[in-house]
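Novice:
Protein chains in written order, with this note's numbering: chain A, 1 to 135; chain B, 1001 to 1135; chain C, 2001 to 2135; chain D, 3001 to 3135.
1) Strictly under 7 Å for the Cβ-Cβ distance: is residue 3122 of chain D near chain B by that measure?
2) Is the Cβ of residue 47 of chain A closer than 7 Å to any Cβ of chain B?
3) How about residue 83 of chain A: is its C-beta nearer than 7 Å to some C-beta of chain D?
4) Are the region 3046-3059 of chain D and the region 2059-2072 of chain C in contact at 8 Å, needing three or more beta carbon pairs?
5) Answer yes or no: does any C-beta atom of chain B fall closer than 7 Å to that of residue 2129 of chain C?
6) Quick check on the DSSP output: the alpha helix (DSSP H) that includes residue 73 of chain A runs from which residue to which?
7) DSSP three-state call for residue 1043 of chain B: helix, strand or coil?
8) Report the option in D:3077, D:3086, D:3093, D:3105 whose CA atom is closest to the CA atom of residue 2082 of chain C.
9) With contact counted as at least three CB pairs below 8 Å, one residue from each stretch, are the region 1068-1087 of chain B and the region 95-104 of chain A in contact?
10) What residues from chain A crowd round residue 2055 of chain C, counting only those whose CB sits closer than 9 Å?
11) Quick check: the Cα distance between residue 1995 of chain C and residue 3088 of chain D, rounded to an integer number of angstroms?
12) Please report whether the beta-carbon of residue 125 of chain A lies at a distance below 7 Å from any beta-carbon of chain B.
13) Determine whether the Cβ of residue 2043 of chain C lies closer than 7 Å to any Cβ atom of chain A.
14) Using the three-state DSSP reduction, which class does residue 3099 of chain D fall into: helix, strand or coil?
15) When DSSP labels each residue in this structure, what does residue 2129 of chain C get in the three-state scheme?
16) Which residue marks the beginning of the alpha helix (DSSP H) containing residue 1036 of chain B, and which one marks its end?
17) Please list the terminal residues of the continuous alpha helix (DSSP H) segment that includes residue 113 of chain A.
18) Between residue 113 of chain A and residue 1034 of chain B, how many whole angstroms is the CB-CB distance? I'm expecting something under 8 Å.
19) Below 8 Å on C-beta distance, what does residue 3099 of chain D contact in chain A?
20) Any C-beta of chain F sitting closer than 7 Å to the C-beta of residue 1071 of chain B?
21) Using beta carbons (cut-off 7 Å, strictly below), is residue 1106 of chain B in contact with chain A?
22) Would you list, in chain order, the members of the region 3066-3081 of chain D that have their beta-carbon closer than 9 Å to a beta-carbon of chain A?
23) Comparing alpha-carbon positions, which option in C:2079, C:2065, C:2108 lies nearest residue 3080 of chain D?
24) For residue 3030 of chain D, go through chain C and note every residue whose CB falls closer than 7 Å to its CB, in chain order.
What follows is the structure in structure tokens.
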């Protein structure tokens, strides 16, 4: 596991309500304990965690592979729950990978959203599915 | 987008400090606005969002594909930032998919962690990478 | 399915022994029959086949996610067979996607290998895992 | 690389026209030479090749992620070529992984197709996208 786990620690000391004293860091702590209790850090290299993340994302996509887009917008409750379980797996590995690399996932996400605002200006991106380098 | 967006709405009305009045729901709101401003909901069927999620997870894994596990535990700062950007993309699509399906990702993650506690009891899972049905 | 399925037809008419009168096109024919017998073409849009391909690739990776590279070079026979079954699934969807798009997979692969020869000249790429734009 | 590379060698000695003396094994040989010239075997553990395969499958899916199924059935020529290049990458890694594990990909695919015939009997599977355990 990364030696510098500062993002989480620093934020807690500040007790900033807009900081990571929320559900995502709670989960991060629980996952960390879960892995240590089972002596699993040996398997949790970032390389392996990134693989596990893709595997779970594939299991999530599997629920939709033969569906039409319309059907995917109107899932039956049991199918929605099954998808929710895979989505949970994706989130859990995302958090573990972030922890292992000392990355604050929320800060990274905010940063990326700002970059996307610039890459996809409303007047040029509106109604288009083109990638930013094709706008 | 799904008609039943109750998870987020209900939690906010209760003004529960342990609920989704945190960074993940802030991001959810920003992503929702971002997509509406650009008239992108037409492309955001759950089927398509699940595909986009896998694609980003693949881009994240690409950074590690030729690395050894040891190298992945000691990333150079610029590589760590690049991985952080892909991890952000994965989180952003995870949130958008959760919103589209009316799923509370934190609740789903907590639920899954509880299930994992049962599937992987410490005494049987300790030090082993075996899947739960092979323990 | 694509209307222009010329690559396969043209090659068979020429009766060229270096052409697609081999195992891959045999499999392509069998898969085509298999899908038609089951009235499955309705589900086999290229979009869906590409999703199925990623899903199978994820199932293949799942066998390796917690293994070390060394362990992956020395698989037990039953694990090798399990991996072989997923590799088969990946190949089957690759062929079906090629058929649906009227693409000759062998020709495309040869073409890409030639491009790779240029992108990764031996004197610059030797012993390096860097991507071509970083050589 | 695997010590037992018998599937390919045995088939060539027999000079069986229905065996692997065809385009797939030609490509396998070229890929092997390509990697050796560049001293790349060190990076080509099955674990790494499986990761590379998923990454390429993701790049292939990326072309379809915002498209409708209808649009994916009518690709413009340049888009079809771009997809063909990614499909080629998937096939190249499939072959390299098969070689590394001493697996005959065609034999494995034929085997899987036979298993699928049993798992999805025409009378029960016709017109349905259900998985075999839900038929």
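Built from N, CA and C at the ideal position, the CB exists for glycine as well.
Specialist: From the atom records:
1) no
2) yes
3) no
4) yes
5) yes
6) Counting along the chain, residue 73 of chain A falls outside any alpha helix (DSSP H), and DSSP gives it neither H nor E.
7) helix
8) D:3105
9) yes
10) 58, 59, 61, 62, 65
11) Lying outside 2001 to 2135, the shown extent of chain C, residue 1995 of chain C is not represented and no answer is given.
12) yes
13) yes
14) helix
15) coil
16) 1023-1037
17) Looking at the DSSP string, the run of the alpha helix (DSSP H) that includes residue 113 of chain A is 105-119.
18) 7 Å
19) Within chain A, no residue comes near residue 3099 of chain D; the closest Cβ sits about 21 Å away, beyond 8 Å.
20) The displayed structure is made up of protein chains A, B, C and D, and chain F is not among them.
21) yes
22) Within the region 3066-3081 of chain D, the residues whose Cβ lies closer than 9 Å to some Cβ of chain A are 3066, 3067, 3068, 3069, listed in chain order.
23) The residue among C:2079, C:2065, C:2108 with its C-alpha nearest the C-alpha of residue 3080 of chain D is C:2108.
24) 2113
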